[in-house]
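>
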Amino acid sequence: MTDTTRLCRTFQTAPAAVPKEDTAKYLASGLDAKGFEAPDWLVPDLEDGTAPEMKAEGLQNVVERVPGAEFPGEIWPRVEWSYEDSTLRETGRGQIGKLVASLGDEIDGVVVPKIGRLEDVERAAAVVAEAEATNGYDDGSIGLSVIVETGRARSDLREIARFGEQSRLTALIFGPVDYTAELGGRDLGDGRPRWDGLLETLSNEASAAGLLAIGGPFDDLFKTRAGLTYYNADEYADQAEHEARLGLDGSWSLYPKQTIQANTVHMPTPEELERDVGRIERFNEAKRAGTGAVTIDGQMVDEATFKNFRNTVTTVRAIHDTRPAQTGEYYDDDLLERALSLELSYAALG
Amino acid sequence: MTDTTRLCRTFQTAPAAVPKEDTAKYLASGLDAKGFEAPDWLVPDLEDGTAPEMKAEGLQNVVERVPGAEFPGEIWPRVEWSYEDSTLRETGRGQIGKLVASLGDEIDGVVVPKIGRLEDVERAAAVVAEAEATNGYDDGSIGLSVIVETGRARSDLREIARFGEQSRLTALIFGPVDYTAELGGRDLGDGRPRWDGLLETLSNEASAAGLLAIGGPFDDLFKTRAGLTYYNADEYADQAEHEARLGLDGSWSLYPKQTIQANTVHMPTPEELERDVGRIERFNEAKRAGTGAVTIDGQMVDEATFKNFRNTVTTVRAIHDTRPAQTGEYYDDDLLERALSLELSYAALG
Amino acid sequence: MTDTTRLCRTFQTAPAAVPKEDTAKYLASGLDAKGFEAPDWLVPDLEDGTAPEMKAEGLQNVVERVPGAEFPGEIWPRVEWSYEDSTLRETGRGQIGKLVASLGDEIDGVVVPKIGRLEDVERAAAVVAEAEATNGYDDGSIGLSVIVETGRARSDLREIARFGEQSRLTALIFGPVDYTAELGGRDLGDGRPRWDGLLETLSNEASAAGLLAIGGPFDDLFKTRAGLTYYNADEYADQAEHEARLGLDGSWSLYPKQTIQANTVHMPTPEELERDVGRIERFNEAKRAGTGAVTIDGQMVDEATFKNFRNTVTTVRAIHDTRPAQTGEYYDDDLLERALSLELSYAALG
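Top to bottom, those sequences are chains A, B and C. The first sequence begins at 1 in the working numbering and counts up one residue at a time. The second sequence begins at 351 in the working numbering and counts up one residue at a time. The third sequence begins at 701 in the working numbering and counts up one residue at a time.
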């Protein structure tokens, strides 16, 4: 099962180039992050994170730094694009072409921002397909993820997600800043709306189509109170937990401490893992004993119930595959060992 | 008008078989409930409420116990089904066939859980049509209600409801436990999300297509504080009232006291009935007097306004038809008599 | 740019006829309002605001009073209509015919209430087209705005808005009273639901299709506490600000003081205007200096960012065009002068 569990607890963007001596400073530190600071997805950002006059250098940084890195997660560069600007789309097409030509074996896909209606997503998918074919990669080997940040994308969200059932589309990521601006939403002193209706729909459509759903960035990184400036851990946790409750698979990170928090929130807690490992162990015993139907914790276990228990374990296995330092730190050795060795088939012992 | 008002203030599930001496204990007490404990819909549950090894006995219990009962509401057995499991669908087909063959005159329809997209609902409707035809019942005489508890069903909710405009589809019922699991929603200590976006859409689509909309189960039946365990009336009332506010027609009940509460919440209050009966009486007087346009309580009464007043009265009449003990207990004799004898036509006196 | 900014901060309905000595009293005072009491849209109301026996007189009032007035905003009479009542639709057709024949040069369009699914909106649009052609007006010169107040309209909202991309459809206005009644929503002592899911979708679909989105009426005009009755400014401000946050373009007004509040809430604050004028001035300077990419307030300015700054200014210019008394009162002379004289092209200096 593990190989079908796609993880994106953390979608961490890193500017591809910044005006510092080493213009790849943040990109390099993202690629080199360890333990809970290592995101599931690292997103070298050629769009809003990189200044217009540094785009070329940013692209060069990505092409040079990614191959050497031993980053164990997925790499998804964000390119430039806009449903309403054909020049930007042409720029994005060039960036995608260059990335696939130079890094087709290293990257998992590209992230395309400011998509519009379904037709625009199909257009972006065709650009990726073209780059793939030109460079001799198998159809579908380079993924596509999109930022949902326009009224048109939200209007077509169901159709875009259904397109994803049969295509390279992998994740739907919310972009609240551009979205609020496009709708003319106002901050009247208490922040942007949370857009809960959109978040519910994003979670639902991604789930119905087998895609990942990811929340938007939180840029209030620091807080000052009584003369002290400190990392704003509380409010980012509130946002990431709200996203987890609604069934989003991961949160956007702009900063290593946010990555620690998002990785943790979107991972089964030790209590959840203990509970579901125990349930599957008892289920397996009952099946071996041939006692027919099984009731666990007062709940009759049918295939759907079993799937929920199993999801907890396969998620932990998927994290363990790429981030053993995280699972090793977070779970007891004994519990982790039980989770890794468990028989997970509903029917096999039947 | 009364005959077109379909009531489902309470959707009460009762396990078809439980591991007790009388395996039909809960089914029997549901069929025998009196006064405000009697639900509008009794749902003998062959799905999650009955253990896998007792399914056959549960079906037998339903076939044996329903005919003798003098249950005055509607009877809607819930069968097994899943959009993603053809074996379960085959089981459900067998259960539907047996229920229609044995109880075609006693049941009003069947409840099908875990439906997926529109195509799956059409498939379930075809299974009911097949059982109907095989057993010589008129087309449409056996209803179909579905539990909305998957991402796919919520994604296709508008299309499913529109299918209901022209079909045997009768009610859309929310299933929050499976829904939350399927979306990967998490309970981080403060319960499941309430899924308000889904509830609004459920209410809207059901209303637009002339279907009933029903809320999900609440299983925190008891609370313990300061050493005492007591029935959790407050939180269930909060949920049922929230559903009523949003225009849902009824609430799910797992327990006789919940049935009392749901029946009461989804019934016009004595004040609402007094108000609207009074308005219609004044409207009818004005029409008799031939004074042309009518203003009541400062509001001009057009056909749409009148319809709102009339809805209150027709709902009370529909409850009175099947549950005279409830209307008798809840309303003054005099008020009830006025509600039952009122002329309800907007035009008739014109 | 200014000419493409369509304003409707305030959608003020005024009964076309009331049972007073001057039956056009409220209509006349709406047409004559000054300063912040003057709404962007004045809506002479032939529907719920005018008694059935005064409809003919109301229509006559509109035909007589509008031409003489020097109302500087848009005039949009509301006619009678219902998706479920062909007699009312025939009445509405007559009213539209008369309004276009008599006031085709004075009115900007008509407001049609109680629309149903897309087909009903197309039907209303065809009625307007017919009146336009009969009276020799250019296709599209008479607009159509609709009240979204039925389950069917909300179900088809995306399709209705997309129809608006290519048609005379101009604004989508929420009608919460009829909407709540149609869904069977209940006021259990704490008011109607706010229908946040609908408001989010209304804002999104209007934005995606280039239409205006307007909130519903608030009729709790006065409050009594400790023996004093006073205008309920607080709760109306709460509603209008909630609508502004979600990106609605304007609020419904029933009363001159509400018009003052809605005009103000949906207008950039002096701080917003100062901020965005300053940003554009610095952007223009940087472009003149030829320094390439521009960073302002720590944010890289691309075309999308620039558009947000510009929106603030073009909105103020559009208000100034028709309501110089409002902009004159609200902004410093110097700031206003800067806003009016600014170069607003992203590329022109490039």
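Using N, Cα and C, we set each Cβ at its ideal position, and we do this for glycine too. In this text, all values refer to a predicted model and were calculated from it rather than measured experimentally.
Quick one, which residues of the region 236-250 of chain A are near chain B if we go by CB-CB under 7 angstroms, in chain order?
241, 244, 245, 246, 247 and 249
> I'd like to know if residue 234 (chain A) contacts chain B, where contact means its C-beta is closer than 8 angstroms to some C-beta of that chain.
Within the first sequence, the letter at position 234 stands for residue 234 (chain A). Not closer than 8 angstroms to any Cβ of chain B, the Cβ of residue 234 (chain A) fails to qualify, so no.
> For residue 800 (chain C) and residue 1036 (chain C), I'd like the C-alpha separation in whole angstroms.
Against the third sequence, residue 800 (chain C) aligns to sequence position 100. Against the third sequence, residue 1036 (chain C) aligns to sequence position 336. Distance between the alpha carbons of residue 800 (chain C) and residue 1036 (chain C) is about 38 angstroms.
> For the region 502-553 of chain B, which segments carrying the beta strand (DSSP E) assignment without a break, of at least 3 residues, lie completely within its bounds, in sequence order?
You should have 519-524.
> Ignore the nearest five residues each way along the sequence and tell me which others in residue 779 (chain C)'s own chain have a CB closer than 6 angstroms to its CB.
As a first step, residue 779 (chain C) is located in the third sequence; it is residue number 79 there, counting from the start. The answer, listed in chain order, is 746, 792, 795, 796 and 810.
> Can you list, in chain order, the residues of its chain with a C-beta nearer than 6 angstroms to that of residue 951 (chain C)? Leave out the 5 residues immediately preceding and following it.
Taking the third sequence and counting its residues from 1, one reaches residue 951 (chain C) at position 251. Excluding sequence neighbours, residue 951 (chain C) sits near 915, 940, 943 and 962.
> Determine, for residue 81 (chain A), whether the minimum Cβ-Cβ distance to residues of chain C falls below 8 angstroms.
The sequence position of residue 81 (chain A) within the first sequence is 81, counting from 1. No - not a single Cβ of chain C is within 8 angstroms of the one on residue 81 (chain A).
> Restricting to runs no shorter than 4 residues, where is the alpha helix (DSSP H) found entirely within the region 968-1012 of chain C?
Runs found: 970-989.
> Ignoring anything shorter than 3 residues or poking outside the region 96-137 of chain A, list the beta strand (DSSP E) runs there in chain order.
109-112
> I think residue 153 (chain A) touches residue 115 (chain A), with their Cβ atoms under 8 angstroms apart; what is that distance to the nearest whole Å?
Residue 153 (chain A) sits at position 153 when you count from the first residue of the first sequence. Residue 115 (chain A) sits at position 115 when you count from the first residue of the first sequence. Residue 153 (chain A) to residue 115 (chain A), Cβ: 5 angstroms. Contact.
> Can you say whether residue 405 (chain B) is buried or exposed, counting buried as having 16 or more other CB atoms within 10 angstroms of its CB?
Here residue 405 (chain B) is taken as the residue at index 55 of the second sequence, counted from 1. Residue 405 (chain B) comes out buried.
> Suppose the cutoff is 7 angstroms on Cβ atoms and the five residues either side in sequence are ignored; what does the same chain contact list for residue 843 (chain C) look like?
Stepping through the third sequence from its first residue, residue 843 (chain C) is reached at position 143. Answer for residue 843 (chain C): 808, 809, 868 and 870, listed in chain order.
> Can you give me, in chain order, the residues of the region 882-910 of chain C that have a beta carbon less than 7 angstroms from any beta carbon in chain B?
882, 883, 884, 885, 886, 888, 893, 895, 897 and 898
> Which residues in the same chain have their Cβ closer than 8 angstroms to the Cβ of residue 98 (chain A), if we skip the five residues on either side of it in sequence?
For the purposes of this step, residue 98 (chain A) is taken as residue 98 along the first sequence, with counting starting at 1. Correct list, in chain order: 59 and 63.
> Within 8 angstroms (strictly less), CB to CB, does residue 744 (chain C) reach chain B?
Sequence index remark: in the third sequence, residue 744 (chain C) carries index 44 (1-based). Answer no: the Cβ-Cβ gap between residue 744 (chain C) and chain B never drops below 8 angstroms.
> With a threshold of 7 angstroms on Cβ separation, who are the neighbours of residue 971 (chain C) within its own chain once the five nearest residues in sequence on each side are excluded?
As a working note, residue 971 (chain C) is residue 271 in the third sequence. Closer than 7 angstroms at Cβ, skipping near neighbours: no residue.
> For residue 979 (chain C), decide whether its Cβ has a neighbour in chain A, counting only Cβ atoms nearer than 8 angstroms.
The residue you call residue 979 (chain C) lines up with position 279 of the third sequence. Chain A, which has no Cβ nearer than 8 angstroms to the Cβ of residue 979 (chain C), makes this no.
> List the DSSP bridge partners of residue 93 (chain A).
As a first step, residue 93 (chain A) must be located in the first sequence, where it is residue number 93. BP columns for residue 93 (chain A) are empty, so no partner.
> Suppose only complete runs of 4+ residues qualify. What are the alpha helix (DSSP H) ranges in the region 17-87 of chain A, listed by chain order?
25-31 and 55-68
> Going straight from the alpha carbon of residue 159 (chain A) to that of residue 127 (chain A), what length do you get?
The sequence position of residue 159 (chain A) within the first sequence is 159, counting from 1. The sequence position of residue 127 (chain A) within the first sequence is 127, counting from 1. Those two C-alpha atoms are separated by around 19 angstroms.
> Hey, would you say residue 562 (chain B) sits closer than 8 angstroms to residue 556 (chain B), going by beta carbons?
Position 212 of the second sequence, counted from the start, is the residue given in the question as residue 562 (chain B). Position 206 of the second sequence, counted from the start, is the residue given in the question as residue 556 (chain B). Going by C-beta atoms, residue 562 (chain B) is nearer than 8 angstroms to residue 556 (chain B).
> Could you tell me which chain B residues have their CB closer than 8 angstroms to the CB of residue 358 (chain A), listed as they occur along the chain?
Because chain A spans 1 through 350 in this model, residue 358 (chain A) falls outside it and cannot be assessed.
> Could you tell me how far apart the beta carbons of residue 83 (chain A) and residue 120 (chain A) are, in whole angstroms, since I believe they sit closer than 8 angstroms?
Numbered from 1 along the first sequence, position 83 holds the residue referred to as residue 83 (chain A). Numbered from 1 along the first sequence, position 120 holds the residue referred to as residue 120 (chain A). Confirmed, Cβ separation roughly 4 angstroms.
> Closer than 7 angstroms by C-beta to residue 706 (chain C): which residues in its own chain qualify, once you throw out the five before and the five after it? Chain order, please.
Translated into positions along the third sequence, residue 706 (chain C) becomes position 6. Correct list, in chain order: 912.
> Three or more beta-carbon pairs under 8 angstroms between the region 1005-1023 of chain C and the region 1039-1048 of chain C, yes or no?
yes
> Which same chain residues end up closer than 7 angstroms to residue 1050 (chain C) when comparing Cβ atoms and leaving out the 5 residues on each side of it in sequence?
What you label residue 1050 (chain C) is simply residue 350 of the third sequence in a count that begins at 1. Because the pLDDT of residue 1050 (chain C) is 41, which lies under 50, any placement of that residue in the model is unreliable, and the number read from its coordinates should be weighed accordingly. Cβ within range, chain order: 987.
> Should residue 402 (chain B) be flagged as near chain A, meaning a C-beta pair shorter than 8 angstroms?
Translated into positions along the second sequence, residue 402 (chain B) becomes position 52. Answer yes: the Cβ-Cβ gap between residue 402 (chain B) and chain A drops below 8 angstroms somewhere.
> So with CB distances below 7 angstroms, who are the chain C contacts of residue 653 (chain B)?
If you number the second sequence from 1, residue 653 (chain B) lands on position 303. Ordered by position in chain C, the residues that pass the 7 angstroms Cβ test against residue 653 (chain B) are 785.
> By Cβ distance, which residues of its chain are closer than 7 angstroms to residue 373 (chain B), with the 5 residues on each side in sequence left out?
By 1-based counting over the second sequence, the position of residue 373 (chain B) is 23. So the qualifying residues of the chain are 367, 404, 407 and 411.
> Under the three-state reduction of DSSP, which class applies to residue 329 (chain B): helix, strand or coil?
This structure gives no information on residue 329 (chain B), because the portion of chain B shown stretches from 351 to 700.
> Which class does residue 709 (chain B) belong to by DSSP, given the choice of helix, strand or coil?
Residue numbering for chain B in the displayed model covers 351 to 700; residue 709 (chain B) lies beyond these limits and cannot be assessed.
> Does residue 710 (chain C) have its Cβ less than 8 angstroms from a Cβ in chain F?
Looking at the structure shown, chain F is missing, and the protein chains on hand are A, B and C.
> Just to confirm before moving on: does the CB-CB distance between residue 44 (chain A) and residue 72 (chain A) stay below 8 angstroms?
Counting from one through the first sequence, the residue named residue 44 (chain A) turns up at place 44. Counting from one through the first sequence, the residue named residue 72 (chain A) turns up at place 72. Cβ distance not < 8 angstroms, so residue 44 (chain A) and residue 72 (chain A) don't count as in contact.
> Quick check on the DSSP output: the beta strand (DSSP E) that includes residue 681 (chain B) runs from which residue to which?
Counted from its first residue, the second sequence places residue 681 (chain B) at position 331. Here residue 681 (chain B) belongs to no beta strand (DSSP E), and DSSP marks it neither H nor E.
> Leaving out five residues on either side along the sequence, give the residues of the same chain with a beta carbon under 6 angstroms from the beta carbon of residue 735 (chain C).
Taking the third sequence and counting its residues from 1, the one referred to as residue 735 (chain C) is at position 35. Once the five neighbours on either side are set aside, the close Cβ partners of residue 735 (chain C) are 1025.
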